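Novice: Take this structure, written in structure tokens, and hold onto it; I'll ask about it next.
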Amino acid sequence: MILALDIGSSSVRAGLYSREAQPEQGLNARRIYDLSTTADGGAEVQADFLFELVCQAIDEVLLKGESSSEEIDAVAISTFWHNMLGLDSAQEPLTPVYSWADTRSTRAAEQLKRLLSEESCHARTGTVFHPSFLPAKLLWLRESQPQVWKRTARWMSFGEYLLLKLFGETVCSISMASGTGLLDQFRCCWDEEILNVLSLSPERLSPLSDFHTSLQSLRVIYASRWPRLRSVPWFPALGDGACSNIGSGCFDSKRVALMVGTSGAMRVCLDREPSVIPPCLCCYHVDRHRFLMGGALSNGGILFEWL
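Under the numbering used here, the first residue of the sequence shown carries the number 1189, and numbering increases by one thereafter.
Structure (structure tokens):
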């Protein structure tokens, strides 16, 4: 079986699946949570709170499946795109996990448009200067919280933090990196021009890897908690939008996926490098070779909660 973890912006889910990608009946768990919001546009969650929800979901699934004789062969992870947190030199969180829905960096996004050519950056990174993406968030934090900026040794997504807690090391998948606004989509490396403007060295970001790279040998505390997962390969988190396309069968240019979760999106998967990224669209990766093109809205299922 495969243990799948889905860490979204309103819930954490875990479930066991067969090798044919069919859910094992009753072997799933869910933890619902709310992002903390602030009057000035903040949308965030504490990293260790979210980590504990993931652990609880895993506990529940393994308890439900303890009578099964099937081996768990791997752990696969998806997380919500465009999230970020900062860690100090002791690998402890200095910031909450900032969601894509956090708009406090709106002014910083406008500032980036004066510092860089948005058109040429979009042609490389597939993203515009917008508070959802990391360049604006990082610039906002650098200017509004200079002490936090100085103390931050690493910037990463929650999926990377999850692996860091469990294994003491981490990697960032090409898929997750492609949603940051910091990745050169064609060279699959961190974009030098944007990093230079942010005064951010690549060493303060996670090393990049494709989806097939795995980590094994859980730290002792978690190996004791989950003996069935002790030596199982854990694969780096992929962007939930990429997984949405693949899971719904839209893995080539013949089908377009319309996804409505907390937010909404319409995307098409391309199995080759696009000749150009249209100005009105965003471009990400499923993996190093497959691209994902489309657009998104900040509202979807959450609309009913807002009302």
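For every residue, glycine included, the Cβ atom is placed at its ideal position computed from N, Cα and C.
On a predicted model such as this, the values are computed, not experimentally measured, just so you know.
With a 10 Å radius around its C-beta and 16 neighbouring C-beta atoms as the bar for buried, classify glutamate 1348 as buried or exposed.
Specialist: As a working mapping, residue 1348 is identified with position 160 in the sequence shown. With 16 or more Cβ atoms within 10 Å of its Cβ, glutamate 1348 is classed as buried.
Novice: Please state the DSSP three-state secondary structure of proline 1466.
Specialist: Taking the first residue of the sequence shown as position 1, residue 1466 is located at position 278. It is coil, neither helix nor strand.
Novice: Return the Cβ separation of alanine 1296 and alanine 1324 in integer angstroms, given the expectation that the two are a contact with Cβ distance under 8 Å.
Specialist: Sequence index remark: in the sequence shown, residue 1296 carries index 108 (1-based). Sequence index remark: in the sequence shown, residue 1324 carries index 136 (1-based). 4 Å between Cβ atoms; contact.
Novice: Once you ignore the five residues that flank aspartate 1379 on each side, which residues in its own chain have a CB closer than 7 Å to its CB?
Specialist: Looking up residue 1379 in the sequence shown gives position 191. Correct list, in chain order: Arg1312, Thr1313, Leu1370, Leu1371, Asp1372.
Novice: Below 8 Å, can you find three or more Cβ-Cβ pairs linking the region 1360-1367 to the region 1417-1436?
Specialist: Counting Cβ pairs under 8 Å, three or more are found: they touch.
Novice: Could you please give the first and the last residue of the uninterrupted alpha helix (DSSP H) stretch that includes glutamine 1186?
Specialist: Coverage of the chain is limited to positions 1189 through 1495, which leaves residue 1186 absent and any answer about it impossible.
Novice: Let's test the definition: count the other Cβ atoms within 10 Å of the Cβ of glutamate 1232 and tell me whether it reaches 16, buried, or not, exposed.
Specialist: Taking the sequence shown and counting its residues from 1, the one referred to as residue 1232 is at position 44. Looking at its Cβ environment, which holds 16 or more other Cβ atoms inside 10 Å, glutamate 1232 is buried.
Novice: Among Cys1457, Leu1469, Leu1403, which residue has its Cα nearest to the Cα of alanine 1262?
Specialist: Numbered from its first residue, the sequence shown carries residue 1262 at position 74. The candidate whose alpha carbon is nearest that of alanine 1262 is Leu1403.
Novice: Among the candidates Ser1266, Arg1339, His1477, whose CA atom is the shortest distance from the CA of arginine 1375?
Specialist: What you label residue 1375 is simply residue 187 of the sequence shown in a count that begins at 1. Closest by alpha carbon: His1477.
Novice: Per DSSP, glutamate 1232 forms a beta bridge with which residues?
Specialist: As a position in the sequence shown, residue 1232 is number 44, starting the count at 1. The partner list for glutamate 1232 (beta bridge, DSSP) reads Ser1224, Tyr1286.
Novice: Nearest by alpha-carbon distance to isoleucine 1220: which of Ala1235, Arg1201, Gly1230, Gln1210 is it?
Specialist: The count along the sequence shown starts at 1 and reaches residue 1220 at position 32. Closest option to isoleucine 1220, Cα to Cα, is Arg1201.
Novice: Answer yes if the region 1295-1309 comes into contact with the region 1222-1239, meaning at least three C-beta pairs across the two stretches below 8 Å, and no otherwise.
Specialist: Taking 8 Å as the limit for Cβ pairs, the verdict is that the region 1295-1309 does not touch the region 1222-1239.
Novice: If you reduce the DSSP assignment to three classes, tell me which class isoleucine 1195 lands in.
Specialist: Numbered from its first residue, the sequence shown carries residue 1195 at position 7. It is a strand residue.
Novice: DSSP has aspartate 1372 in a bridge; who is on the other side?
Specialist: Here residue 1372 corresponds to residue number 184 of the sequence shown, with the count starting at 1. According to DSSP, which records beta bridges pairwise, aspartate 1372 is partnered with Cys1377.
Novice: Beta-carbon within less than 7 Å of valine 1316's beta-carbon, same chain only, minus the 5 sequence neighbours each way: which residues are those?
Specialist: In the sequence shown, counting from the first residue as 1, residue 1316 sits at position 128. Answer for valine 1316: Glu1306, His1310, listed in chain order.
Novice: Reducing DSSP to helix, strand and coil, say where arginine 1476 ends up.
Specialist: The residue you call residue 1476 lines up with position 288 of the sequence shown. The answer is coil: DSSP assigns arginine 1476 none of H, G, I, E or B.
Novice: Hey, could you find the ends of the alpha helix (DSSP H) alanine 1365 is sitting in?
Specialist: The sequence position of residue 1365 within the sequence shown is 177, counting from 1. 1362-1365 is the extent of the alpha helix (DSSP H) around alanine 1365.
Novice: Here's the rule: buried if 16 or more other CB atoms are within 10 angstroms of the residue's CB, otherwise exposed. What is serine 1320?
Specialist: Position 132 of the sequence shown, counting from 1, holds the residue named residue 1320. It is buried - the Cβ of serine 1320 has at least 16 other Cβ atoms within 10 Å.
Novice: Given a cut-off of 8 Å, decide if valine 1249 and leucine 1204 are closer than it, judged by their beta-carbon atoms.
Specialist: In the sequence shown, residue 1204 corresponds to position 16, counting from 1. In the sequence shown, residue 1249 corresponds to position 61, counting from 1. Yes, the Cβ-Cβ distance between leucine 1204 and valine 1249 is below 8 Å.
Novice: Skipping 5 residues on each side, what residues in its chain have a beta carbon closer than 6 Å to that of glycine 1229?
Specialist: Start at 1 with the first residue of the sequence shown, and residue 1229 comes out as number 41. For glycine 1229, where only same-chain residues beyond five positions count, the Cβ hits under 6 Å are Thr1291, Arg1292.
Novice: Between glycine 1253 and glycine 1449, how many whole angstroms is the CB-CB distance? I'm expecting something under 8 Å.
Specialist: As a working mapping, residue 1253 is identified with position 65 in the sequence shown. As a working mapping, residue 1449 is identified with position 261 in the sequence shown. 26 Å between Cβ atoms; not a contact.
Novice: Among Val1420, Glu1212, Glu1357, which residue has its Cα nearest to the Cα of glutamine 1279?
Specialist: The residue given as residue 1279 occupies position 91 in the sequence shown. The option with the nearest alpha carbon to glutamine 1279 is Glu1357.
Novice: How is the beta strand (DSSP E) around leucine 1388 delimited, first residue to last?
Specialist: Taking the sequence shown and counting its residues from 1, one reaches residue 1388 at position 200. Looking at the DSSP string, leucine 1388 is not in any beta strand (DSSP E), and its letter there is neither H nor E.
Novice: Apply the 10 Å Cβ neighbour rule to histidine 1400 and answer buried if 16 or more other Cβ atoms are within range, or exposed otherwise.
Specialist: Residue 1400 sits at position 212 when you count from the first residue of the sequence shown. Histidine 1400 comes out exposed.
Novice: For the beta strand (DSSP E) containing cysteine 1457, name the first residue and the last one.
Specialist: In the sequence shown, counting from the first residue as 1, residue 1457 sits at position 269. Here the beta strand (DSSP E) through cysteine 1457 covers 1452-1458.
Novice: If you draw a straight line from the alpha carbon of tryptophan 1422 to that of asparagine 1216, how long is it in whole angstroms?
Specialist: Within the sequence shown, residue 1422 is the residue found at index 234, counting from 1. Within the sequence shown, residue 1216 is the residue found at index 28, counting from 1. Their Cα atoms are separated by approximately 18 Å.
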